[in-house]
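Chains as they are written, first to last, in the working numbering: chain L, 1 to 358; chain V, 1001 to 1358.
A virtual CB, placed ideally from N, CA and C, is assigned to each residue, including glycine.
Have a look at the structure below before the remarks.
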């Protein structure tokens, strides 16, 4: 390492004028430390499809070994949105990793896909290995609990773009579905019942508005316990974890008893159901399920009208299923047996592809 | 849409107290507009593997139709780093999308993989459809030129986390490789020659340091033309596009004439070659290729020592190939026939898995 820079004179190492990468705000050792701290959580996600060891070359995945040899791949990318800002206020970072993975799982589950692997992108202003490893561990735990591999990822330290303490988190999921089991709206028919499964809270949508209402309009803090939240703090209510519906719904998908599904994310029931309405309407009854306290609280704080509220927030329904009447009894029984409360929130009717309200 | 909120009294819509999602800084229409503006660029990337139409459900990909039925999947995630900040200063956004795609392509190409599809993640503080669509179009054009599909992505507007005008860009790529063509270092042998292919500039690494040196240490502006850059402006030199080595190297990979490859990214030659050294050393000669002006300029500005410079920057070599002596002549001839300048930068020798310098 004593070689001079080719073509550069000895001023290249004049003392006192040195600027290092670390001076510029990038610390590669801390990046390695972040991943190393999450290593045990990552390696336990390695399903039979994963090829190679931890820390070896980029993510290799053997579809045949994962039992996915002849399927279509289904891929999706997403972020957590400004739920990150709430996590930061609360100093709790593990949950948003799980939120992201479970959001991505649901996004491809609605196409009938089984998740195979996930990759994370963590961007920070100043790398704190404790925080970053918690984000990665959250992703890894979400993967482990849902049976998919955390196959790789990228941690980027970007001073200037992010303030110290700020970070962003995005994820990418790949799953597979056998072509004959693909759910794409083509099995939607007038006469089907719309079943709603409860969300755990806001999941990962509507946080810019929720934060404005909680912290500006109402002037509350992360630990405030407004009466409307019935004992929960603002942080607890807003950080409730995005549910994964994979284990709950997979047996029904394998039996072909779900005709179509919609994951209720940004755009709410109003914008997400039309993805699978295929020219029919969904006639929904907003009184068919209990509105959780957190939504009532936010709606009242913002004076939100019906359309705004049901577009920005999931309003208590995280997943919807279209089910043929002949299958409804067994679907409900199966879900009830797993302890799930199921709500008949409406019907599929002839129409033009929009959500209407009773 | 006249239904009252269930369980919420009429105060829910008290006049004067309304706060909308748009008030909170999130404009869903602008998100759709951004994607719509990039639609033509996106749809022309749709290879035979892509299932479904633009704007339909999440990304579906048919491996068999893409001629990738029996391969391993190779996946990678990455960002552009703070090259984004330089792009912002210059007001040129298209290039960083191409940078990102081409960086990701090279990352899996070194494992012998052919890229199949890509997904982007764009995060912004305030959504400007003109900027966002340029970022997406850049990704799409990078995909089109390299024959892979832009299968989907996510655009997130996150007021508070990003300042207005700030944005981040990350990407995920999936490719495939037949197991017997996988490059993982297992074919590395002492006696092989190390060939270096030129970079176009910094590619996507070392920008935090480069920005500090250019804009703070030297106090230059984006349009400054320091003598050392030989006619180029700071912006032109720093935004030179990350090369894709896919088309150049694919014929050699198909003929099995490359034993191992390393993409020179963060960590430079010093940290990237060991990924495929498999217990051998690489004995390199830093005088074997011309040091481009941009690197000489940065090294002198920062008084960087040799080790720092060759770890942070690629120093003019964007891709390295390990080639058996029996194949060297034909490899060099093939590359020369494509107009490529190839440098013999060293040899693989017995050792312990590190880079040494002549």
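{"query": "Can you find a C-beta in chain V that's less than 8 Å from the C-beta of residue 168 of chain L?", "result": "yes"}
{"query": "Alpha carbon to alpha carbon, what distance is there between residue 1298 of chain V and residue 1124 of chain V?", "result": "30 Å"}
{"query": "Nearest by alpha-carbon distance to residue 1041 of chain V: which of V:1216, V:1072, V:1026, V:1094 is it?", "result": "V:1094"}
{"query": "For residue 1034 of chain V, report the span of its beta strand (DSSP E) as first-last.", "result": "No beta strand (DSSP E) contains residue 1034 of chain V, which is instead part of the alpha helix (DSSP H) from 1028 to 1037."}
{"query": "Would you mind listing the beta strand (DSSP E) stretches within the stretch 1094 to 1159 of chain V that are 3+ residues and don't spill past its ends, in chain order?", "result": "1114 to 1124, 1149 to 1157"}
{"query": "Out of curiosity, what's the CA-to-CA distance linking residue 259 of chain L and residue 285 of chain L?", "result": "20 Å"}
{"query": "Taking residue 1268 of chain V as part of the alpha helix (DSSP H), name the residues at either end of that continuous run.", "result": "1268 to 1272"}
{"query": "Is residue 1265 of chain V helix, strand or coil by DSSP?", "result": "coil"}
{"query": "Pairs of beta-carbons, one from the stretch 1151 to 1158 of chain V and one from the stretch 1080 to 1097 of chain V, closer than 8 Å: are there three or more?", "result": "no"}
{"query": "Please classify residue 1198 of chain V: does DSSP put it in a helix, a strand, or coil?", "result": "strand"}
{"query": "Would you tell me roughly how many angstroms separate the C-alpha atoms of residue 6 of chain L and residue 1034 of chain V, rounded to the nearest one?", "result": "Only weak support exists for where residue 6 of chain L lies, its pLDDT of 46 falling under 50; the coordinates are left without a value."}
{"query": "Under the criterion of a Cβ to heavy atom distance below 7 Å, does residue 1116 of chain V qualify as lining the ligand FAD?", "result": "Among the ligands in the structure shown, none appear at all, so the ligand FAD cannot be discussed."}
{"query": "Return the CA-CA distance between residue 1167 of chain V and residue 191 of chain L, expressed in angstroms with no decimal places.", "result": "45 Å"}
{"query": "Can the beta-carbon of residue 1320 of chain V be found less than 8 Å from the beta-carbon of residue 1194 of chain V?", "result": "yes"}
{"query": "Taking 6 Å as the limit between beta carbons, can you name the residues of its chain near residue 222 of chain L, skipping five residues before and five after?", "result": "89, 90, 234, 235"}
{"query": "Taking 8 Å as the threshold (beta carbon to beta carbon), is residue 75 of chain L in contact with chain V?", "result": "yes"}
{"query": "Does the beta-carbon distance from residue 1314 of chain V to residue 1199 of chain V come in below 8 Å?", "result": "yes"}
{"query": "Taking 8 Å as the threshold, find out whether the stretch 1245 to 1261 of chain V comes into contact with the stretch 1285 to 1296 of chain V through three or more Cβ pairs.", "result": "no"}
{"query": "Based on Cα-Cα distance, which residue from L:48, L:339, L:111 lies nearest to residue 184 of chain L?", "result": "L:111"}
{"query": "Specify, as a first and last residue, the run of the alpha helix (DSSP H) that residue 1311 of chain V falls within.", "result": "1306 to 1312"}
{"query": "Give the straight-line distance between the Cα atoms of residue 138 of chain L and residue 1201 of chain V, rounded to the nearest whole angstrom.", "result": "37 Å"}
{"query": "So the beta strand (DSSP E) residue 1332 of chain V belongs to, where does it begin and stop?", "result": "It is not in any beta strand (DSSP E) - residue 1332 of chain V instead sits in the alpha helix (DSSP H) that spans 1325 to 1337."}
{"query": "How would you list, in chain order, the residues of chain L whose beta-carbon sits under 8 Å from the beta-carbon of residue 1159 of chain V?", "result": "82, 208"}
{"query": "What residues in its chain sit with their C-beta under 6 Å from that of residue 1121 of chain V, if we drop five residues either side in the sequence?", "result": "1154, 1170"}
{"query": "Please confirm if the stretch 1052 to 1070 of chain V is in contact with the stretch 1099 to 1113 of chain V, defined as three or more CB-CB distances below 8 Å between the two stretches.", "result": "no"}
{"query": "Helix, strand or coil for residue 357 of chain L, going by three-state DSSP, please let me know.", "result": "strand"}
{"query": "Quick one: list the residues of chain L neighbouring residue 1151 of chain V, beta-carbon separation under 8 Å, in chain order.", "result": "75"}
{"query": "Could you tell me the alpha carbon to alpha carbon distance between residue 97 of chain L and residue 117 of chain L, rounded to whole angstroms?", "result": "15 Å"}
{"query": "If contact means a Cβ-Cβ distance below 7 Å, which residues of the stretch 88 to 109 of chain L contact chain V?", "result": "107, 108"}
{"query": "First and last residue of the alpha helix (DSSP H) that includes residue 1161 of chain V?", "result": "Here residue 1161 of chain V belongs to no alpha helix (DSSP H), and DSSP marks it neither H nor E."}
{"query": "Rounded to the nearest angstrom, what separates residue 1355 of chain V and residue 1189 of chain V at their Cα positions?", "result": "15 Å"}
{"query": "Short of 7 Å Cβ to Cβ, which residues in the stretch 170 to 186 of chain L face chain V?", "result": "170, 172, 174, 184"}
{"query": "Just to make sure I have the definition right: I need the residues of chain L whose C-beta is within less than 7 Å of the C-beta of residue 1062 of chain V. Which are they?", "result": "72"}
{"query": "Can you tell which of V:1352, V:1133, V:1126, V:1142 has the C-alpha that lies nearest to the C-alpha of residue 1163 of chain V?", "result": "V:1126"}
{"query": "CB residue 1329 of chain V to CB residue 1270 of chain V, shorter than 8 Å?", "result": "no"}
{"query": "Taking 8 Å as the threshold (beta carbon to beta carbon), is residue 360 of chain L in contact with chain V?", "result": "Outside the modelled stretch of chain L, which goes from 1 to 358, sits residue 360 of chain L, for which no answer is possible."}
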